[in-house]
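These notes are about the structure you will find just below.
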Amino acid sequence: MKGRLKLAVEHLTTCAGCENAILDLGDSLLTVLGDLELVYAPILMDASPPDRVDIAIVTGAVRTEEDQEKVRNWREKSSILIAFGSCACFGGIPGLANLLKSIELLKTSYLEQLGTENPEGEPPHVEVPELTSLIKPVSEYVKVDYMLPGCPPPSYLISELFTALIKGEKFTLPEKSVCDDCPLNSGDEKVIKCIKRWGFDKVDVNRCFLEQGFICLGPATRGGCGARCIKAGYPCRGCMGVLEGVEDQAAKMISAIASATSLDEVTLEDLKKILDLVGTLYRFTFPSSIFGRRVRRDERE
Amino acid sequence: METASLKRAELKQHFEPKIIGFLCNWCGYAAADLAGTMRLKYPANIRIVRVMCTGRIDPTHILKAFKIGADGVLIVGCHPGDCHYLTGNYRAERKVAMLKSLLEDLGLEPDRVRIDWASAGEGERFARIVEEFVKRIIELGPSPLRGVLVER
Numbered sequence: 018m019k020g021r022l023k024l025a026v027e028h029l030t031t032c033a034g035c036e037n038a039i040l041d042l043g044d045s046l047l048t049v050l051g052d053l054e055l056v057y058a059p060i061l062m063d064a065s066p067p068d069r070v071d072i073a074i075v076t077g078a079v080r081t082e083e084d085q086e087k088v089r090n091w092r093e094k095s096s097i098l099i100a101f102g103s104c105a106c107f108g109g110i111p112g113l114a115n116l117l118k119s120i121e122l123l124k125t126s127y128l129e130q131l132g133t134e135n136p137e138g139e140p141p142h143v144e145v146p147e148l149t150s151l152i153k154p155v156s157e158y159v160k161v162d163y164m165l166p167g168c169p170p171p172s173y174l175i176s177e178l179f180t181a182l183i184k185g186e187k188f189t190l191p192e193k194s195v196c197d198d199c200p201l202n203s204g205d206e207k208v209i210k211c212i213k214r215w216g217f218d219k220v221d222v223n224r225c226f227l228e229q230g231f232i233c234l235g236p237a238t239r240g241g242c243g244a245r246c247i248k249a250g251y252p253c254r255g256c257m258g259v260l261e262g263v264e265d266q267a268a269k270m271i272s273a274i275a276s277a278t279s280l281d282e283v284t285l286e287d288l289k290k291i292l293d294l295v296g297t298l299y300r301f302t303f304p305s306s307i308f309g310r311r312v313r314r315d316e317r318e
Numbered sequence: 276m277e278t279a280s281l282k283r284a285e286l287k288q289h290f291e292p293k294i295i296g297f298l299c300n301w302c303g304y305a306a307a308d309l310a311g312t313m314r315l316k317y318p319a320n321i322r323i324v325r326v327m328c329t330g331r332i333d334p335t336h337i338l339k340a341f342k343i344g345a346d347g348v349l350i351v352g353c354h355p356g357d358c359h360y361l362t363g364n365y366r367a368e369r370k371v372a373m374l375k376s377l378l379e380d381l382g383l384e385p386d387r388v389r390i391d392w393a394s395a396g397e398g399e400r401f402a403r404i405v406e407e408f409v410k411r412i413i414e415l416g417p418s419p420l421r422g423v424l425v426e427r
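If you read the protein sequences in the order shown, they are chains A and B. Going by our numbering, the residue at position 203 of the first sequence is 220; the numbering climbs one at a time, nothing skipped. Going by our numbering, the residue at position 18 of the second sequence is 293; the numbering climbs one at a time, nothing skipped.
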């Protein structure tokens, strides 16, 4: 017995939900902590960063130069680096900021936002780490040993990951789609007969959302979450990211919608009722998609 | 920096679009074949990929074509109602329609993708479609993604 494995949890640009998910393990966290020693986790406790750890968990997207440095730093200091949560794995919700340039982002949040009062008329100049031009997943900067997506990652997968790490075994993610776990999936062929909008049309929470015409990302999303959103009466938003071997979640979802719509009852015009395709189909995976950002005319100039 | 902008100016001047054509085995490809047999002339900018059915084309293929530097993607299948597999071309039409709105949100002109139909006997129609499409792409200019997105 070499003693307990040292674990560090570092946060980048994140909401701290991933750390909460770790705490949420409850009793099994106590069991795990018998073999894992939490030495650094700024969101959970006060400690100075150690020189060397066995396992480093990073949560959040890489948004600032500080984040870049943190990621590189922890890669050097750790034997196993884990991208934890959708932001670290794919860029996550903050990744939608790749639709705008960083200067536009600053303008929006400091000048143009409704209710913003800024008499100086320009973003504040405080010395803080610069924004990177684009949000990128952690794996764009350093080698990542394991990925655990989810917003936040499901607790039983966190337990499995920790157990595997303690035993020195390999950890693999489930390879089926959310639909495979979904209690509303009867296994029959699904036909979409109309396109509806969430919040505007009446919902039956006991019937497949897609079949009713609401966009549910289940077919194009990795399972393993136990279809928790659907069980709570809300369509899948795609937080577990792409399925094994798939590169682009939106492309796959477009394929799924095109193949499942009824040719007689849904027209091409109806499909235009699906608004904000980037925000809906790439909600968690925009930075790791094929384009990864908005294309600009002046791209190379 | 100087060479990059020079290169871009040069690219604009002698712009030869790179176009990926996905043609279905039964109609689009047969039409292209016929256009060849008929010795019809059409721009040589198109690089043809034969697929069994336009319904087989996944939006991923189109996005990837743009990522590696295509200026346009042309899809030619059977006329509506004539699909060898009954509804493949309708499915393709839907995918392309949705992909176009996605491309618009992503900042790329939706006109860079076109889906059209040509039966096995319409060599001339095929040649005309390619001609029109190449003309449109020349109007739009080189894709802003040319040589920018690096292969992951």
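The beta carbon of each residue, even a glycine, is placed where N, CA and C say it ideally should be.
- The beta carbon of ARG389(B) sits no closer than 7 Å to any beta carbon of chain A.
- Here the alpha carbons of LEU117(A) and THR125(A) stand approximately 10 Å from one another.
- Under the Cβ criterion (8 Å, minimum of three pairs), the region 102 to 112 of chain A counts as touching the region 298 to 314 of chain A.
- Boundaries of the beta strand (DSSP E) around TRP392(B): 388 to 392.
- Check the Cα spacing between ASP308(B) and each of GLU399(B), ILE412(B), PHE408(B) and GLU407(B): the tightest is with GLU399(B).
- Using beta-carbon distances, SER119(A) does not count as an interface residue toward chain B, since no partner is under 7 Å.
- Between ALA100(A) and VAL26(A), the C-beta spacing is not below 7 Å.
- In this structure GLY352(B) is in contact with ALA367(B), their Cβ atoms being roughly 6 Å apart against a cut-off of 8 Å.
- Contact with chain A is found for PRO419(B), since one of that chain's Cβ atoms lies less than 7 Å from the residue's Cβ.
- Along the region 278 to 304 of chain A, going in chain order, the ones with a CB nearer than 8 Å to a CB of chain B are THR278, LEU280, LEU285, LEU288, LYS289, ILE291, ASP293, LEU294, VAL295 and LEU298.
- With the rule of 3 Cβ pairs closer than 8 Å, the region 315 to 326 of chain B counts as touching the region 289 to 296 of chain B.
- DSSP places ARG89(A) in no beta strand (DSSP E) but in the uninterrupted alpha helix (DSSP H) bounded by 82 to 94.
- For MET62(A), there is no enclosing beta strand (DSSP E), as DSSP gives it neither H nor E.
- Going by DSSP, LYS410(B) is part of the alpha helix (DSSP H) stretching over 398 to 415.
- Rounded to whole angstroms, the gap between the alpha carbons of GLU54(A) and ILE183(A) is 11 Å.
- The Cβ atoms of GLY303(B) and ALA402(B) lie no closer than 7 Å to each other.
- At a cut-off of 7 Å, the C-beta of ALA100(A) has no neighbouring C-beta in chain B.
- Fully enclosed alpha helix (DSSP H) runs of no fewer than 4 residues occupy 226 to 229 and 245 to 248 of the region 212 to 262 of chain A, in order along the chain.
- Per DSSP, ASP162(A) is not a residue of any beta strand (DSSP E), being assigned neither H nor E.
- Here the alpha carbons of ASN90(A) and ASN37(A) stand approximately 24 Å from one another.
- The Cβ of MET373(B) sits closer than 7 Å to at least one Cβ of chain A.
- For the region 380 to 409 of chain B, the set of residues with a beta-carbon nearer than 8 Å to any beta-carbon of chain A comprises ASP380, LEU381, GLY382 and LEU383, in chain order.
- Against GLU291(B), chain A offers no close residue; the least beta-carbon distance is about 18 Å (beta-carbon pairs closer than 8 Å).
- Annotation: the continuous beta strand (DSSP E) that includes VAL75(A) extends over 70 to 76.
- Sorting CYS358(B), ASN364(B), LEU338(B) and PRO292(B) by C-alpha distance to the C-alpha of GLN266(A) places LEU338(B) at the top.
- PRO171(A) is a Cβ neighbour of CYS242(A), given a cutoff of 7 Å.
- Residue state for ARG313(A) is assigned as coil, using DSSP reduced to three classes.
- Close partners of ALA268(A) in chain B (Cβ separation under 7 Å): ASP333, PRO334, THR335 and LEU338.
- Residues of chain B with a Cβ closer than 7 Å to the Cβ of VAL312(A) are, in chain order, LEU381, GLY382, LEU383, PRO419 and LEU420.
- Within the same chain, and ignoring the five residues on either side of LEU98(A) in sequence, the residues whose Cβ sits closer than 6 Å to its Cβ are ALA73, ARG92, VAL161 and ASP162.
- Rounded to the nearest whole angstrom, the C-alpha separation of GLY230(A) and LYS210(A) is 7 Å.
- In the three-state reduction of the DSSP assignment, GLY296(B) falls in the strand class, which pools E and B.
- Taken through DSSP and simplified to helix, strand or coil, ILE323(B) comes out as strand.
- Interface criterion met: the Cβ of ASP265(A) is under 7 Å from a Cβ in chain B.
- Within the model, the alpha-carbon separation for GLU134(A) versus ALA33(A) is close to 28 Å.
- Around the beta carbon of ALA244(A), 16 or more other beta carbons sit within 10 angstroms, so the residue counts as buried.
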